[in-house]
Amino acid sequence: GNSVTQMEGPVTLSEEAFLTINCTYTATGYPSLFWYVQYPGEGLQLLLKATKADDKGSNKGFEATYRKETTSFHLEKGSVQVSDSAVYFCALLNSGGSNYKLTFGKGTLLTVNP
Amino acid sequence: NAGVTQTPKFRVLKTGQSMTLLCAQDMNHEYMYWYRQDPGMGLRLIHYSVGEGTTAKGEVPDGYNVSRLKKQNFLLGLESAAPSQTSVYFCASSWGVQRYNEQFFGPGTRLTVL
Chain A
468 GNSVTQMEGP VTLSEEAFLT INCTYTATGY PSLFWYVQYP GEGLQLLLKA TKADDKGSNK
528 GFEATYRKET TSFHLEKGSV QVSDSAVYFC ALLNSGGSNY KLTFGKGTLL TVNP
Chain B
6 NAGVTQTPKF RVLKTGQSMT LLCAQDMNHE YMYWYRQDPG MGLRLIHYSV GEGTTAKGEV
66 PDGYNVSRLK KQNFLLGLES AAPSQTSVYF CASSWGVQRY NEQFFGPGTR LTVL
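Sequences listed follow chains A and B, in order.
Per the working numbering, the very first residue in the first sequence carries number 468; after that it's consecutive.
Per the working numbering, the very first residue in the second sequence carries number 6; after that it's consecutive.
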C-alpha cells in the first residue's frame, strides 16, 4: 500500500534559519507528491506539488524535488520567517486505478521564533 | 468565490446524539471528500464522492454516513456519536483524481463528543 513518512517534530528555528523537513514515501506506480501547510486554526492549503520524477515544486520560497531513486520529497526553505510557523504535511496521490485518496504523513509542526 | 465552506465550526455532543456536518463548494468540483484529523495521525479519509449522487467508503468509514444530493454539497452524518469520534473534520473538493489536481480544503469543524 501507499505510505508517507515525514520527520517528526516539533521543529523550532530562529528567523532566517534554513529549513529542511524530510519526507519519504512508499507507493506503487508513479505517484504525484504534495506539500500542504496548515496555519493555526485553518484548513490545509496546497504549498507545492510535483507530478513526475525530477520535477521541482516551488512556492513562497519553499521548494521540494521529486526524487524517485530515493523515494523522497524533502521540503526546504533558505530563510524562514515567523509567518511560516505552521504544520506541514507531505502527501501522495497515486495515479490511475481506483485510488482516489491522498495519503498524508503525520505532519510536522514548525515554530519560527523572532 | 468562497471556496470550500463548512458548518458548523464547533460542536459539542453527548454520546449517542446525532448530527450532520455540511460542506459546500462553489468551484463546480466533481470530487468531494471528508477527512478527520487526530493528533499524531495526519488526515484520514472517511468517505468520498466522485459526483452528484455517488458516495464511497474511505479508510475509516465506520460510524459515519454521507450523502451528495447536490453537486455542491457533501453531508457527513453521525447517527450515534461516540467519544472516539472527537476530532477535527475537514471537507475537501477537487476537479478529479488526475495527477495534477489539488484538493481544496475547508476550514474544519471541531467536534467534541462527551
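C-beta atoms are modelled at their ideal positions from N, C-alpha and C, and glycine is treated no differently.
Since the structure is predicted, the reported quantities are computational estimates derived from the model, not experimental observations.
For L50(B), which residues from the same chain have a beta carbon less than 8 Å from its beta carbon, with the 5 sequence-adjacent residues on both sides left out?
Here the question's residue 50(B) lines up with position 45 in the second sequence. Cβ within range, chain order: Y38, W39, Y40, G63, E64 and V65.
Based on the DSSP secondary-structure assignment, which residues constitute the bridge partners of Y38(B)?
Looking up residue 38(B) in the second sequence gives position 33. BP columns for Y38(B) point to Y53(B) and A97(B).
At the level of alpha carbons, what is the spacing between R73(B) and E35(B)?
Taking the second sequence and counting its residues from 1, the one referred to as residue 73(B) is at position 68. Taking the second sequence and counting its residues from 1, the one referred to as residue 35(B) is at position 30. Roughly 11 Å separates the two Cα atoms.
Considering only the beta carbon of each residue, do L569(A) and L576(A) sit closer than 7 Å?
Taking the first residue of the first sequence as position 1, residue 569(A) is located at position 102. Taking the first residue of the first sequence as position 1, residue 576(A) is located at position 109. In this structure, L576(A) does not lie closer than 7 Å to L569(A) by Cβ.
List the residues of chain A that M32(B) touches, going by C-beta distances under 9 Å, in chain order.
As a position in the second sequence, residue 32(B) is number 27, starting the count at 1. Contact note: M32(B) does not reach chain A at a C-beta cutoff of 9 Å; the least C-beta distance is about 14 Å.
Mind checking whether V71(B) and T91(B) have CB atoms under 7 Å apart?
To locate residue 71(B), count along the second sequence from 1; it is residue 66. To locate residue 91(B), count along the second sequence from 1; it is residue 86. No, the Cβ-Cβ distance between V71(B) and T91(B) is not below 7 Å.
Strictly below 7 Å CB to CB, what residues from chain A border L81(B)?
Here residue 81(B) refers to the residue found at position 76 when the second sequence is read from its first residue. Chain order gives no chain A residues near L81(B), where near means a beta carbon separation below 7 Å; the closest approach is about 15 Å.
Is E3(B) near L513(A), with beta carbons less than 7 Å apart?
Residue 3(B) is absent from the structure shown; chain B starts at 6 and stops at 119.
Would you mind listing the beta strand (DSSP E) stretches within the segment 495 to 567 of chain A that are 3+ residues and don't spill past its ends, in chain order?
499 to 505, 511 to 517, 523 to 526, 529 to 532, 542 to 544 and 553 to 560
Classify K19(B) as buried or exposed, calling it buried when 16 or more other Cβ atoms lie within 10 Å of its own Cβ.
Counted from its first residue, the second sequence places residue 19(B) at position 14. K19(B) should be labelled exposed.
Whose CA, out of I488(A), K544(A), Y555(A) and G572(A), lies closest to the CA of N469(A)?
What you label residue 469(A) is simply residue 2 of the first sequence in a count that begins at 1. N469(A) has its Cα closest to that of G572(A), out of I488(A), K544(A), Y555(A) and G572(A).
Residue nearest to A86(B) in terms of C-alpha spacing, selected from Q22(B), Q11(B), F15(B) and N6(B)
Locating residue 86(B) in the second sequence gives position 81, counting from the first residue. Per the Cα distances, Q22(B).
Give the residues of chain B in contact with K573(A), contact being defined as C-beta atoms less than 8 Å apart.
The count along the first sequence starts at 1 and reaches residue 573(A) at position 106. Result: G45, M46 and G47.
Please list the terminal residues of the continuous beta strand (DSSP E) segment that includes Y492(A).
Looking up residue 492(A) in the first sequence gives position 25. DSSP places Y492(A) inside the beta strand (DSSP E), whose first and last residues are C490 to T493.
Best match in V547(A), Y492(A), P477(A) and F540(A) for proximity to F485(A) [C-alpha to C-alpha]:
Here the question's residue 485(A) lines up with position 18 in the first sequence. Closest by alpha carbon: V547(A).
C-alpha distance - S481(A) paired with V93(B), whole-angstrom precision:
In the first sequence, residue 481(A) corresponds to position 14, counting from 1. In the second sequence, residue 93(B) corresponds to position 88, counting from 1. Straight-line Cα distance between these residues: approximately 30 Å.
Under 8 Å Cβ-Cβ, which residues of chain A neighbour Q77(B)?
Numbered from its first residue, the second sequence carries residue 77(B) at position 72. Within 8 Å Cβ-Cβ: nothing; Q77(B) doesn't reach chain A, min ~17 Å.
Grouping DSSP H, G and I as helix and E and B as strand, with all else coil, what is S23(B)?
On the second sequence, position 18 is the one that residue 23(B) refers to. Correct three-state label for S23(B): coil.
Cβ pair C96(B), V9(B) closer than 7 Å:
For the purposes of this step, residue 96(B) is taken as residue 91 along the second sequence, with counting starting at 1. For the purposes of this step, residue 9(B) is taken as residue 4 along the second sequence, with counting starting at 1. Yes, these two residues count as a Cβ contact at 7 Å.
Closer than 7 Å to chain B by CB, L511(A):
Residue mapping note: residue 511(A) aligns to position 44 of the first sequence, counting from 1. True, the Cβ-Cβ gap to chain B drops below 7 Å.
S99(B) vs F79(B) beta-carbon contact at 7 Å
By one-based count along the second sequence, residue 99(B) stands at place 94. By one-based count along the second sequence, residue 79(B) stands at place 74. Cβ atoms of S99(B) and F79(B): not closer than 7 Å.
Just reading off the beta strand (DSSP E) that L74(B) is part of, what are its end residues?
Counting from one through the second sequence, the residue named residue 74(B) turns up at place 69. From DSSP, L74(B) is part of no beta strand (DSSP E); its letter is neither H nor E.
Please identify the residue among N580(A), P581(A) and Y555(A) whose C-alpha is closest to the C-alpha of Y506(A).
On the first sequence, position 39 is the one that residue 506(A) refers to. Residue Y555(A) is the option with its Cα nearest to Y506(A).
Under three-state DSSP, which class holds Q108(B)?
As a first step, residue 108(B) is located in the second sequence; it is residue number 103 there, counting from the start. DSSP places Q108(B) in coil when its eight states are reduced to three.
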